[in-house]
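Q: Take a look at this one; I'll ask things after.
Numbering (the numbering used here), first residue to last: 209 to 279.
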C-alpha cells in the first residue's frame, strides 16, 4: 500500500509470504564438519514472511530519498 499525503512524498507499507532458498551446501551435506556425526539434509526452499514500512521523497529534482524499516 502506498499513500501520498504530501507533495512529492509517499508513505508505504509492504508485506507478504514467499519462499527463500538456502545455501545449497546444506541440502547435500550429510556429515557434520565439526564432529563427523550424521546430519539430515536441509530443505532447498523454506517458507518465509517479510514486511517493510517506510517513506520516499523527491525534495529536489534528480534526488530521490527513502528510508525503510524491514524484517
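Note that CB positions come from ideal geometry on N, CA and C, so glycine has one too.
Which same chain residues end up closer than 8 Å to residue 232 when comparing Cβ atoms and leaving out the 5 residues on each side of it in sequence?
A: Cβ within range, chain order: 252.
Q: Return the CA-CA distance between residue 243 and residue 235, expressed in angstroms with no decimal places.
A: Approximately 18 Å, taken between the alpha carbons.
Q: Return the Cβ separation of residue 223 and residue 259 in integer angstroms, given the expectation that the two are a contact with Cβ distance under 8 Å.
A: The Cβ separation is near 4 Å, so the contact holds.
Q: For the alpha helix (DSSP H) that contains residue 234, what are its first and last residues?
A: Start and end: 233-236.
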